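*Asks:* At position 15 of the sequence shown (counting the first as 1) the number is 15 in our numbering, and the numbers step up by one without a gap.
Backbone N, C-alpha and C define an ideal beta-carbon position, used for all residues, glycine too.
Every value quoted in this text rests on a predicted model; they were computed, and no experiment measured them.
The structure that follows is given in the form of structure tokens.
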Amino acid sequence: MHSRYGSMTRIVLDEVREVAELAHGLGFMQGHARVSALCDDSREVQSGDAFICMPRAGHRAAAHVDEALLRGAACVVFVDHGDLTCEAPALYLSDMEALASLLRNALALHGRLPRLAGITGTDGKTSVCWMLRQALSRLGCKAWGMGTLGLVRDDRGIDDLGNTTPSLLTIHDVLRRAARQDVDWLVMEVSSHGIAQQRIAGLSFSAVIWTSMGSDHIEDHGSYAAYRDAKAGFVRDAMSTGAKAVVNADDAQIRMALAGLQGLCSYARSASGQRASVCWMQPEPGTLRLEAGGQVLDALSIPFGEFHAENVAAVACFLGCAMELPIKRLPSLLDGISAPPGRMQCIDDAHRVFVDYAHTPEALERCLLSARQMTPQRLLVVFGCGGERDREKRPRMGHVAATLADEVWITSDNPRSESPQGILDDIAAGVPADRLHLVHCVVDREQALAEAVSALGEQDVLVVAGKGHEAYMDINGQRLPWRDDRVLMRLLARKSRGCEAA
């Protein structure tokens, strides 16, 4: 069950507070003000709020301040905006670390807080976050998860947060609610955007995991090196304050980025030859064998897909190395663990149709290689690429799909303001010439799904990749309702009725 978490830009305080008292020693205070809430969106400001003018506002900062004051802001908190002034009471903070301290003071976050586990990586964050929360719950800990799926509190549903790593305000409000409910662990995805925009400033992590390093989101960082360094910096910074770090030793980019760093916990395929704290292999699909410290765990039942085996190995490494649990405890924590929604999610057992969030070349390759193990017959795939995102990955994904699948439908997936046909053309440019006859370019996603379902034969497998759990299609600034799973269920029901009629 999904619900809205509430305002992600405005936090109401337990009582009206004097700003100077909250900011004691943190920055320079101009004037005096008492506030009842903190808000970082000028459009959401209410009378008596403190408006927080974030560094990302840039040249728009002055206009945002004017709007906030018109709406009744009692005070403006400038974060790294020392050149701006206003006639209203104002607090000047030098950086996001100071803002984090202000938030801790305002929300009285000085008592028992949940321990933080941060998970970063191009692929695998959501699955590892979901599985680690389950494992910690089995261990007897009260654990919440926060990331792409939203805020997962025990098994009581999912609250939408808007971003994989939400704003600093939202994170601190989650911490306040978690502390009040005696949560032991908050397992959170840490995106490269969240790192670059300092949404995790001032947070103290007990442990971190780096799952993979791919090519997504390069356009937001300027270069691949900057993207990789953002994630490496997160791991190094966390370790410098005492956090344990778990990394994927099979990823050459991770090894290079963290070269020379001591004290890492690591996991790797047994066959890869990499030295690691935990080694893993799949004796057969849906099972996992782990080896650590000379001890072996055989035949753990896990979700289907080699990438899920790698994700479970990451969780095992966290439990065994970062938490120092004996390996004999792991079967009760990992056996039968489930995958999150939209991650190789089976829509229909009879027809072998799966929905997966894979939206990078690396993730699509792992997804299709795993799906190939399920069938002696044909493997079909429907996928697309998002608009206004990494263009370089488009032909690579076209090449991966056309090389590994027997029939391919390239279609729309959040084109945003770009031409959907243009995106399809970019993807198709990577298809080898001798595979072009296997590829269909269909702009309308529902039509592409209908064609793929119609072509699905007995024992064939269909993978619909890219959107996973997403419930919208982003087109020209509008998020239109869309669910791959629901469309597929309707199409499969129609196909079954047609077969029965025949």
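Rounded to whole angstroms, what's the CA-CA distance from Tyr224 to Leu325? Just pull it up for me.
*Replies:* As a position in the sequence shown, residue 224 is number 224, starting the count at 1. As a position in the sequence shown, residue 325 is number 325, starting the count at 1. Their backbone Cα atoms lie some 36 Å apart in a straight line.
*Asks:* Using CA atoms only, rank isn't needed, just tell me which of Val19, Leu491, Arg416 is closest to Leu107.
*Replies:* Translated into the one-based positions of the sequence shown, residue 107 becomes position 107. The option with the nearest alpha carbon to Leu107 is Val19.
*Asks:* How many angstroms separate the CA atom of Gln447 from the CA atom of Leu492?
*Replies:* The residue labelled residue 447 in the question sits at position 447 within the sequence shown. The residue labelled residue 492 in the question sits at position 492 within the sequence shown. For Gln447 and Leu492, the distance between alpha carbons rounds to 13 Å.
*Asks:* Assuming Gly286 contacts Ser270 under a Cβ cut-off of 8 Å, what Cβ separation, rounded to an integer in Å, is found between them?
*Replies:* Position 286 of the sequence shown, counting from 1, holds the residue named residue 286. Position 270 of the sequence shown, counting from 1, holds the residue named residue 270. That pair is no contact at about 17 Å.
*Asks:* Is it buried or exposed, Val439, if we count other Cβ atoms within 10 angstroms and call 16 or more buried?
*Replies:* Looking up residue 439 in the sequence shown gives position 439. Under this definition Val439 is a buried residue.
*Asks:* Select from Cys75, Thr360, Ser94 the residue whose C-alpha is nearest the C-alpha of Ala88.
*Replies:* Here the question's residue 88 lines up with position 88 in the sequence shown. Measuring from the Cα of Ala88, the nearest candidate turns out to be Cys75.
*Asks:* Taking 6 Å as the limit between beta carbons, can you name the residues of its chain near Gly121, skipping five residues before and five after?
*Replies:* Mapped onto the sequence shown, residue 121 falls at position 121. Around Gly121: Trp210, Thr211, Ser212.
*Asks:* Taking DSSP's pairing of strands, which residues face His172 in a bridge?
*Replies:* By one-based count along the sequence shown, residue 172 stands at place 172. DSSP output for His172 lists no bridge partner at all.
*Asks:* Does the beta-carbon distance from Ser167 to Thr9 come in below 9 Å?
*Replies:* By 1-based counting over the sequence shown, the position of residue 167 is 167. By 1-based counting over the sequence shown, the position of residue 9 is 9. Yes, Cβ-Cβ distance for Ser167 and Thr9 is below 9 Å.
*Asks:* Once DSSP output is grouped into helix, strand and coil, what is the label at Pro432?
*Replies:* As a position in the sequence shown, residue 432 is number 432, starting the count at 1. Coil.
*Asks:* What separation, rounded to the nearest whole angstrom, lies between the Cα atoms of Gly6 and Asp173?
*Replies:* Taking the first residue of the sequence shown as 1, we reach residue 6 at position 6. Taking the first residue of the sequence shown as 1, we reach residue 173 at position 173. Reliability fails at Gly6, whose pLDDT of 48 lies under 50, so the model's placement of it is uncertain and no value is given.
*Asks:* Would Met1 be called buried (16 or more neighbouring beta carbons within 10 Å of its own) or exposed?
*Replies:* The sequence position of residue 1 within the sequence shown is 1, counting from 1. Reliability fails at Met1, whose pLDDT of 45 lies under 50, so the model's placement of it is uncertain and the value that follows must be treated cautiously. Classification of Met1: exposed, given that the 10 Å Cβ count is below 16.
*Asks:* Please identify the residue among His351, Ala135, His81, Val382 whose C-alpha is closest to the C-alpha of Arg60.
*Replies:* Numbered from its first residue, the sequence shown carries residue 60 at position 60. Minimum Cα distance to Arg60 is reached at His81.
*Asks:* From Thr375, Gly305, Pro420, pick the residue whose C-alpha is nearest to that of Arg366; which is it?
*Replies:* Position 366 of the sequence shown, counted from the first residue, corresponds to residue 366. Comparing Cα-Cα distances from Arg366 to each of Thr375, Gly305, Pro420, the minimum goes to Gly305.
*Asks:* Give a yes or no on contact between the region 354 to 374 and the region 398 to 411, applying the rule of three or more CB pairs nearer than 8 Å.
*Replies:* As far as the Cβ criterion goes, the region 354 to 374 touches the region 398 to 411, which means the pair count is three or higher.
*Asks:* What is the DSSP secondary structure of His24, counted as helix, strand or coil?
*Replies:* Counted from its first residue, the sequence shown places residue 24 at position 24. Correct three-state label for His24: coil.
*Asks:* At the level of alpha carbons, what is the spacing between Leu132 and Asp123?
*Replies:* Stepping through the sequence shown from its first residue, residue 132 is reached at position 132. Stepping through the sequence shown from its first residue, residue 123 is reached at position 123. Rounded to the nearest angstrom, the two C-alpha atoms are 15 Å apart.
*Asks:* With DSSP run on the structure shown, which of helix, strand or coil describes Leu492?
*Replies:* Your numbering for residue 492 matches position 492 in the sequence shown. Leu492 falls in the helix class under three-state DSSP.
*Asks:* When DSSP labels each residue in this structure, what does Lys244 get in the three-state scheme?
*Replies:* Walking along the sequence shown from the start, residue 244 turns up at place 244. Here Lys244 sits in strand by DSSP.
*Asks:* Nearest-angstrom Cα distance between Val16 and Pro361?
*Replies:* For the purposes of this step, residue 16 is taken as the residue at position 16 of the sequence shown. For the purposes of this step, residue 361 is taken as the residue at position 361 of the sequence shown. Cα to Cα, the separation comes out at about 51 Å.
*Asks:* Cβ of Gly202 within 9 Å of Cβ of Met239?
*Replies:* The residue you call residue 202 lines up with position 202 of the sequence shown. The residue you call residue 239 lines up with position 239 of the sequence shown. No; because the gap between Cβ atoms is not below 9 Å, this pair is not in contact.
*Asks:* Is it buried or exposed, Leu480, if we count other Cβ atoms within 10 angstroms and call 16 or more buried?
*Replies:* Translated into the one-based positions of the sequence shown, residue 480 becomes position 480. Leu480 is exposed by the Cβ-count criterion.
*Asks:* Pick helix, strand or coil for Gly58, following the three-state DSSP scheme.
*Replies:* One-based indexing of the sequence shown puts residue 58 at position 58. Here Gly58 sits in helix by DSSP.
*Asks:* Thinking just about the alpha-carbon of each residue, which of Leu84, Arg104, Gly27, Ser94 is nearest to the one in Leu38?
*Replies:* Mapped onto the sequence shown, residue 38 falls at position 38. Out of Leu84, Arg104, Gly27, Ser94, Arg104 has the C-alpha closest to the C-alpha of Leu38.
*Asks:* Closest to Val381 by C-alpha separation, out of Leu462, Glu284, Val400, Glu458, would be which residue?
*Replies:* If you number the sequence shown from 1, residue 381 lands on position 381. Measuring from the Cα of Val381, the nearest candidate turns out to be Leu462.
*Asks:* Where does Gly118 fall in DSSP's three states?
*Replies:* Within the sequence shown, residue 118 is the residue found at index 118, counting from 1. Strand.
*Asks:* Sorted by chain position, which residues of the same chain lie with C-beta nearer than 7 Å to Ala23's C-beta, five sequence neighbours on each side aside?
*Replies:* If you number the sequence shown from 1, residue 23 lands on position 23. So the qualifying residues of the chain are Met29, Leu91, Leu102.
*Asks:* What three-state label does DSSP hand Val45 in the structure shown?
*Replies:* Taking the sequence shown and counting its residues from 1, the one referred to as residue 45 is at position 45. Correct three-state label for Val45: coil.
*Asks:* Taking the C-alpha atoms as reference points, what is the distance between Ile200 and Asp426?
*Replies:* The residue you call residue 200 lines up with position 200 of the sequence shown. The residue you call residue 426 lines up with position 426 of the sequence shown. Going from the Cα of Ile200 to the Cα of Asp426 covers about 35 Å.
*Asks:* Mind listing, in chain order, the continuous beta strand (DSSP E) runs of no fewer than 3 residues lying wholly within the region 234 to 298?
*Replies:* Listed in chain order, the complete beta strand (DSSP E) runs (minimum 3 residues) inside the region 234 to 298 are 244 to 248, 265 to 269, 278 to 281, 287 to 292.
*Asks:* Buried or exposed: which applies to Ala502, given that a residue is buried once 16 or more other Cβ atoms fall within 10 Å of its Cβ?
*Replies:* In the sequence shown, counting from the first residue as 1, residue 502 sits at position 502. At Ala502 the pLDDT is 46, less than 50, meaning the model places this residue with poor confidence and gives no usable figure here.
*Asks:* Check the DSSP bridge columns for Leu379 and list the partner residues they point to.
*Replies:* One-based indexing of the sequence shown puts residue 379 at position 379. DSSP, once it has assigned bridges, lists Val461 as partnering Leu379.
*Asks:* Between which two residues does the alpha helix (DSSP H) harbouring Ala135 extend?
*Replies:* Walking along the sequence shown from the start, residue 135 turns up at place 135. From DSSP, the alpha helix (DSSP H) with Ala135 extends over 125 to 138.
*Asks:* Give me the residue from Ala316, Val431, Leu456, Arg486 with the minimum Cα distance to Leu139.
*Replies:* Position 139 of the sequence shown, counted from the start, is the residue given in the question as residue 139. That would be Ala316, whose Cα lies nearest to the Cα of Leu139.
*Asks:* Run through DSSP, which three-state label would Cys75 get?
*Replies:* Counting from 1 along the sequence shown, the entry for residue 75 is found at position 75. In this structure, Cys75 counts as strand in the three-state DSSP scheme.
*Asks:* Label Arg311 either buried or exposed according to how many other C-beta atoms from any shown protein chain fall within 10 Å of its C-beta, with 16 as the threshold for buried.
*Replies:* Within the sequence shown, numbered from 1, the residue matching residue 311 stands at position 311. One detail in the question is off: residue 311 reads as Asn in this sequence, not Arg. Classification of Asn311: buried, given that the 10 Å Cβ count is 16 or more.
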